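Asks: Whatever position you read off the sequence shown (first residue = 1), add 21 for my numbering. Yeah, the Cβ is synthetic: ideal placement off N, Cα and C, and Gly gets one too. Predicted model, so just to flag it, every value in this text is computed and none were measured.
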Amino acid sequence: DKAPISIIFRATLERTINPEFINNLYDDVSQKQYTRKLIFSTIFELMNVVVCKIKPSINAAYKENSDNINSSLTAVYDKINGVEIGTSQALVRETSIKMAEVIHSVSGRCEPWIPGYRIKVMDGNCIEATEHRIDELRDTKSGALPGKSLVIYEPELEMATDVFPVEDGHAQERSLLDQVLPTIEKNDVLVMDRNFAVRSFLAGITKQQAYYIVRKHKGLAWSVAGEEKYAGKDEGNKIYEQLCTIEDDNGVSIKVRRIRIELKESIRNGEKELVIFTNLSRSAAPAKLIAEIYRKRWSIETAFQELEAHLHSEINTLGYPKAALFGFCTALIAYNAMAVVKGVLRRVYGEKNIRDNFSVFYMAIHLQMERTGIDMMVEESEWNIFKNMSINNFSVFLVELTEKVNLSHYQKSKQTKRKNRSKAKKEDPYAGHPHVSTARLLRGITP
Numbered sequence: 022d023k024a025p026i027s028i029i030f031r032a033t034l035e036r037t038i039n040p041e042f043i044n045n046l047y048d049d050v051s052q053k054q055y056t057r058k059l060i061f062s063t064i065f066e067l068m069n070v071v072v073c074k075i076k077p078s079i080n081a082a083y084k085e086n087s088d089n090i091n092s093s094l095t096a097v098y099d100k101i102n103g104v105e106i107g108t109s110q111a112l113v114r115e116t117s118i119k120m121a122e123v124i125h126s127v128s129g130r131c132e133p134w135i136p137g138y139r140i141k142v143m144d145g146n147c148i149e150a151t152e153h154r155i156d157e158l159r160d161t162k163s164g165a166l167p168g169k170s171l172v173i174y175e176p177e178l179e180m181a182t183d184v185f186p187v188e189d190g191h192a193q194e195r196s197l198l199d200q201v202l203p204t205i206e207k208n209d210v211l212v213m214d215r216n217f218a219v220r221s222f223l224a225g226i227t228k229q230q231a232y233y234i235v236r237k238h239k240g241l242a243w244s245v246a247g248e249e250k251y252a253g254k255d256e257g258n259k260i261y262e263q264l265c266t267i268e269d270d271n272g273v274s275i276k277v278r279r280i281r282i283e284l285k286e287s288i289r290n291g292e293k294e295l296v297i298f299t300n301l302s303r304s305a306a307p308a309k310l311i312a313e314i315y316r317k318r319w320s321i322e323t324a325f326q327e328l329e330a331h332l333h334s335e336i337n338t339l340g341y342p343k344a345a346l347f348g349f350c351t352a353l354i355a356y357n358a359m360a361v362v363k364g365v366l367r368r369v370y371g372e373k374n375i376r377d378n379f380s381v382f383y384m385a386i387h388l389q390m391e392r393t394g395i396d397m398m399v400e401e402s403e404w405n406i407f408k409n410m411s412i413n414n415f416s417v418f419l420v421e422l423t424e425k426v427n428l429s430h431y432q433k434s435k436q437t438k439r440k441n442r443s444k445a446k447k448e449d450p451y452a453g454h455p456h457v458s459t460a461r462l463l464r465g466i467t468p
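As structure tokens, then:
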């Protein structure tokens with residue numbers, strides 16, 4: 022009762038990514054790496070407490086649990102450095118399915134952007150440069166990039182449901198699109214930036230009976246198929262719509278809609294208009310809705326910011342690409358578990374209330390502070406009850422526990438408008454003095 026959100030978070034992890042599940046998944050997907058004495062669930066738990074900021078490093082996490090780990094610290098690092106990217110991807114993909122099931126069961130989804138369609142926002146994430154701890158990096162001053170990935174984010178769940186990692190930090194994100202295409206299902210809608218406006222990829226999406234909303238890339242050829250017409254305004258920006266065609270790799274013309282947005286204010290690079298292509302019908306999504314959805318594409322940027330701010334998603338001491346990507350994927354799993362918490366909160370307190378007032382920042386702080394105390398009070402074996410609990414019983418448990426949450430502990434700080442201050446420069450009465458005494462200034466005497 023004292024820490025309901027921390028209990029929900031831990032129970033979700035225990036149900037969706039318990040040691041038995043992790044080890045079985047590892048055995049199924051790992052191609053080269055295999056288990057000796059050091060089981061994979063041990064490695065995951067060490068990484069998990071680091072990305073959740075419960076422990077500052079793998080070294081610190083290992084020391085805390087060394088009595089229960091029948092391997093040396095060197096063996097632990099060797100295992101982490103060798104985790105295959107297919108394993109990291111499978112962890113995110115499979116656990117997101119189980120966590121989404123929980124959100125569905127408690128009716129905790131957000132309002133759909135387009136009813137009847139599954140929105141997937143796709144964007145790339147480049148892991149920050151690491152420290153030069155590896156021998157091969159010590160002779161260069163250049164930033165060492167350990168990898169990047171494409172992430173699929175579903176706003177209805179507020180979860181990252183898929184990831185496509187690559188070890189080469191200089192790899193083109195477009196090179197991963199061939200991996201994305203087989204995962205697209207009927208009635209999916211991919212919302213993407215212009216980097217992904219590739220003719221063959223867009224044609225492939227259409228062939229899957231799926232849809233896209235993508236900003237125009239200057240290299241994407243298109244032909245006019247109708248007159249441009251005014252379609253209304255969105256937040257003061259004028260919107261125009263036009264039928265056009267885009268050819269696939271075989272020269273077959275595919276009809277699409279071209280949405281042009283005249284911006285009231287120019288964006289970062291000075292551009293005054295946005296052009297968006299979509300193969301959604303006008304009846305499914307009018308032009309104003311397309312413009313609104315593309316604007317909300319920034320929800321995935323918010324997710325990346327929360328990953329960086331509230332979780333240790335990019336551990337710059339992990340120089341080996343496989344290790345860095347494993348850390349990033351572990352952070353995605355923790356982020357998704359937090360999304361389950363928000364899903365149950367939406368069910369109990371309402372979507373608008375949680376969106377406007379609930380702070381993920383304060384939730385992350387509570388999770389970090391309360392974890393150690395919970396581990397001391399609750400025996401590890403007591404969490405096993407959640408592994409085999411029916412989804413209905415688990416949902417009832419979560420809702421009942423959520424009703425005990427004191428939302429005032431997680432209230433967002435209200436931002437106030439800044440006062441307009443005069444930009445006129447004032448003379449510094451103490452110019453030439455390297456220091457002043459704050460206490461003297463407060464008392465109104467010469468500092």
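Hey, could you find the ends of the alpha helix (DSSP H) residue 227 is sitting in?
Replies: 220 to 228
Asks: Counting C-beta neighbours from all protein chains within 10 Å, is the total for residue 403 16 or more, i.e. buried, or is it exposed?
Replies: exposed
Asks: Under DSSP, the alpha helix (DSSP H) around residue 378 begins and ends at which residues?
Replies: Segment 372 to 378, the alpha helix (DSSP H) holding residue 378.
Asks: Can you look up residue 63 in the DSSP assignment and give me helix, strand or coil?
Replies: helix
Asks: For residue 292, count neighbouring C-beta atoms within 10 Å of its own C-beta (all shown protein chains included) and say buried if the count is 16 or more, exposed if not.
Replies: exposed
Asks: Does the distance from the CB of residue 366 to the CB of residue 354 come in under 9 Å?
Replies: no
Asks: Per DSSP, what are the beta-bridge partners of residue 244 in this structure?
Replies: 266
Asks: Could you check whether residue 138 and residue 305 sit closer than 9 Å to each other, using their CB atoms as the reference points?
Replies: yes
Asks: Give the DSSP-derived three-state secondary structure of residue 83 in the structure shown.
Replies: helix
Asks: Go through its chain and collect everything with a Cβ distance to residue 358's Cβ below 7 Å, but skip five positions before and after it.
Replies: 30, 33, 34, 120
Asks: Classify residue 294 as helix, strand or coil using the three-state DSSP reduction.
Replies: strand
Asks: Enumerated in chain order, which unbroken segments of the beta strand (DSSP E) with a length of 3 residues or greater are wholly contained in the stretch 277 to 355?
Replies: 294 to 299
Asks: Quick check on DSSP: helix, strand or coil for residue 138?
Replies: coil
Asks: Work out the CA separation of residue 181 and residue 126 for me, nearest whole Å.
Replies: Computed Cα separation, rounded: 18 Å.
Asks: Hey, how far is the Cα of residue 25 from the Cα of residue 421?
Replies: 10 Å
Asks: Could you name the residues of the same chain whose beta carbon sits closer than 8 Å to that of residue 145, not counting the 5 residues immediately before and after it, in chain order?
Replies: 169, 170, 171, 172, 194, 216
Asks: DSSP three-state call for residue 170: helix, strand or coil?
Replies: The answer is strand: DSSP assigns residue 170 an E or B state.
Asks: Between residue 70 and residue 347, is the Cβ-Cβ spacing less than 9 Å?
Replies: no
Asks: Any idea which residues DSSP pairs residue 236 with across the strands?
Replies: 297
Asks: Helix, strand or coil: how does DSSP classify residue 181 here?
Replies: strand
Asks: Looking at the secondary structure, which residues open and close the beta strand (DSSP E) in which residue 252 lies?
Replies: If you look at residue 252, you'll find it in the beta strand (DSSP E) that goes 250 to 255.
Asks: Give the DSSP-derived three-state secondary structure of residue 357 in the structure shown.
Replies: helix
Asks: If I'm right that residue 262 touches residue 250 with Cβ under 8 Å, what's the distance once you round it to whole angstroms?
Replies: The Cβ separation is near 6 Å, so the contact holds.
Asks: Determine the direct distance from the alpha carbon of residue 130 to that of residue 380, and round the result to whole angstroms.
Replies: 18 Å
Asks: State the DSSP-derived secondary structure class of residue 432, mapped to helix, strand or coil.
Replies: For residue 432, the secondary structure class from DSSP, reduced to helix, strand or coil, is strand.
Asks: Could you please give the first and the last residue of the uninterrupted beta strand (DSSP E) stretch that includes residue 210?
Replies: 209 to 213
Asks: Is residue 116 near residue 50, with beta carbons less than 9 Å apart?
Replies: no
Asks: Quick check: the Cα distance between residue 198 and residue 222, rounded to an integer number of angstroms?
Replies: 7 Å
Asks: Does DSSP classify residue 362 as helix, strand or coil?
Replies: helix
Asks: In angstroms with no decimal places, state the Cα-to-Cα distance between residue 174 and residue 200.
Replies: 16 Å
Asks: Measuring straight from C-alpha to C-alpha, what distance separates residue 256 and residue 329?
Replies: Cα atoms of residue 256 and residue 329: separation of roughly 30 Å, rounded to the nearest angstrom.
Asks: Using the three-state DSSP reduction, which class does residue 201 fall into: helix, strand or coil?
Replies: Of the three classes helix, strand and coil, the one that applies to residue 201 here is helix, per DSSP.
Asks: Give me the DSSP bridge partner(s) of residue 386.
Replies: Answer is none; residue 386 lacks a bridge partner.
Asks: Within the same chain, show all residues whose beta-carbon is closer than 8 Å to that of residue 467, passing over the 5 residues directly before and after it, in chain order.
Replies: 461
Asks: Rounded to a whole number of angstroms, what is the C-alpha to C-alpha distance between residue 101 and residue 124?
Replies: 31 Å
Asks: Given residue 310, which residues of its chain have a CB within under 6 Å of its CB, disregarding the five upstream and five downstream residues?
Replies: none
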